[in-house]
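Structure first, commentary second.
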Amino acid sequence: MKRHNKYALLGLKALQRAVQNVAEEAKKNNLKIPVWKNGHIEYIFPEKITQKGIVPNRHSAGAS
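Here it is in structure tokens:
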């Protein structure tokens, strides 16, 4: 089971890097990013995206 947790964390870190890259590109080009919110898609500018929304919580893999 530990092996799967390791891969889950690697995948999560890869997704976090991808989100950061997309947000930076959108901000450079003054574009909105689609976000699923309250049962539908909303388009927001990247400055509203926070790291807090994409970090794992205390119950995720690797936390003690």
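Counting from 662, one number per residue, gives the positions in the sequence shown under this note's numbering. Where a beta carbon is used, it is the ideal one built from N, C-alpha and C, also for glycine. These numbers come from a predicted model, not from an experiment.
Rounded to a whole number of angstroms, what is the C-alpha to C-alpha distance between Ala687 and Phe706?
Position 26 of the sequence shown, counting from 1, holds the residue named residue 687. Position 45 of the sequence shown, counting from 1, holds the residue named residue 706. Between the alpha carbons of Ala687 and Phe706 lies a gap of roughly 8 Å.
To the nearest whole angstrom, what separates the beta carbons of Ala679 and Ile694, a pair I think is in contact under 8 Å?
For the purposes of this step, residue 679 is taken as residue 18 along the sequence shown, with counting starting at 1. For the purposes of this step, residue 694 is taken as residue 33 along the sequence shown, with counting starting at 1. Contact doesn't hold; Cβ gap of about 12 Å is too wide.
Residue from Lys698, Ala675, Ala669 and Glu708 with nearest C-alpha to Leu692:
Locating residue 692 in the sequence shown gives position 31, where the first residue counts as 1. Closest by alpha carbon: Glu708.
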